[in-house]
Amino acid sequence: MSAEQQAVAAVSCNGSYSFTKPNRDEIVLVAGLGVEGDVHAGVTVRHRHRVAVDPGQPNLRQVHLIHAELFDEVAGKGYEVPPGGLGENVTTSGIDLLNLPRGTILRFGAPASGAETAAGAETAAGAGTAVSGPEMAAGAAETAVSGAGTAVSGAGTAAEAVAGVLAAARAARLDEATARAAEAVAAAAERDAGVGDARPAVVVAGLRNPCQQINGFRRGLLKEVVGRDHGGTVVYKAGVMAVVLRGGSVRAGDPVSVELPPGPYGPLERV
């Protein structure tokens, strides 16, 4: 896969709660918040179920991205799903979103001449040692947010932008996966400080957790986007969730640069 093939296929947003989101000519990312005018934008969780459980949780689901290849896959099984149909904000093409490591930065648009940019990555599978295990759990939230405090003080615009989300993480009781995701967001913001690239950008925090609403949209579709592999591990295929590092407009056709974090890589988990 070449970097030229990595692109935005469609963009979508909605100011009211609905399962699907209408396509737009462009969306505007707002650093630290999400998509301008989108119902899921904010520092703390906006998804209704999450709000009902704990409204103080950090919003690591500001931007939802799905690979267009998923729609081709389910179309072969009789399910017609248009871009925005599963509620994503950005539909991508040519990027193996599900296999990206936690903390990957996606930058939208063509790089400015002479800008410092990262090389595209076609997949994270086998690219490093996954971080796992309970040793990350108890200390991860504290590490993420105490480390985030350091990042925010010295990392410039991106870290300042995500300071609110990381402050919410510091104040909340986080599960293990969310703690690791918050840590990855903090590290990405710090990394971004050394990159002279002002393009709109998000940091991939984790996987979308598909829900029964998918069957309400297309009966039987849920089983195609969540299942188990041969080893019994649950596999989530309904896209990834991200936090906005740098704001700006994103349009269909924009190229996407993929910047992997330093290894060892941590796999995406539900957030």
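Residue numbering for the sequence shown follows the working numbering, starting at 803 and increasing by one per position. Each residue gets a CB set at the ideal place from its N, CA and C atoms; glycine is no exception. From a predicted model like this one, the values you see are computed outputs, not experimental measurements.
Output the boundary residues of the alpha helix (DSSP H) element that contains E882.
-> Residue mapping note: residue 882 aligns to position 80 of the sequence shown, counting from 1. No alpha helix (DSSP H) contains E882, which DSSP labels as neither H nor E.
Should T931 go down as buried or exposed, given a rule of 16 or more other Cβ atoms within 10 Å for buried?
-> As a first step, residue 931 must be located in the sequence shown, where it is residue number 129. Confidence at T931 is low in this model, with a pLDDT of 35, below 50, so the placement of that residue is unreliable and no value is reported for it.
According to the neighbour-count rule (16 or more other Cβ atoms, all chains shown, within 10 Å of its Cβ), is S915 buried or exposed?
-> Taking the first residue of the sequence shown as position 1, residue 915 is located at position 113. By the 10 Å Cβ count, S915 comes out exposed.
Beta strand (DSSP E) runs wholly inside the stretch 838 to 920, at least 3 long, in chain order | 865 to 869, 892 to 895 and 907 to 910
Are the Cβ atoms of T894 and A912 separated by less than 8 Å?
-> Looking up residue 894 in the sequence shown gives position 92. Looking up residue 912 in the sequence shown gives position 110. Their beta carbons are not under 8 Å apart, which means T894 does not touch A912 by this criterion.
When you compare only the Cα positions, how much space is there between L867 and G1033?
-> One-based indexing of the sequence shown puts residue 867 at position 65. One-based indexing of the sequence shown puts residue 1033 at position 231. Rounded to whole angstroms, L867 to G1033 spans 27 Å at the Cα level.
Distance between beta carbons of L1062 and Y1080, contact taken as under 8 Å = Lying before the first or after the last residue shown, residue 1080 is absent from the chain, which here runs from 803 to 1073.
Within 8 Å, strictly: CB atoms of P1012 and A1040 = Reading the sequence shown from its first residue, position 210 is the one you call residue 1012. Reading the sequence shown from its first residue, position 238 is the one you call residue 1040. Contact: yes.
Counting along the chain, where does the alpha helix (DSSP H) carrying R972 start and finish?
-> Within the sequence shown, the letter at position 170 stands for residue 972. Looking at the DSSP string, the run of the alpha helix (DSSP H) that includes R972 is A965 to A973.
Just how far apart, CA to CA, sit A809 and A1044?
-> Start at 1 with the first residue of the sequence shown, and residue 809 comes out as number 7. Start at 1 with the first residue of the sequence shown, and residue 1044 comes out as number 242. Computed Cα separation, rounded: 17 Å.
Determine the extent of the beta strand (DSSP E) in which G998 is found, giving its start and end residues.
-> Within the sequence shown, the letter at position 196 stands for residue 998. That residue, G998, is in no beta strand (DSSP E); it is neither H nor E in DSSP.
Inter-residue Cα distance where the pair is A833 and T1035 = Within the sequence shown, the letter at position 31 stands for residue 833. Within the sequence shown, the letter at position 233 stands for residue 1035. Going by the C-alpha atoms only, they are around 34 Å apart.
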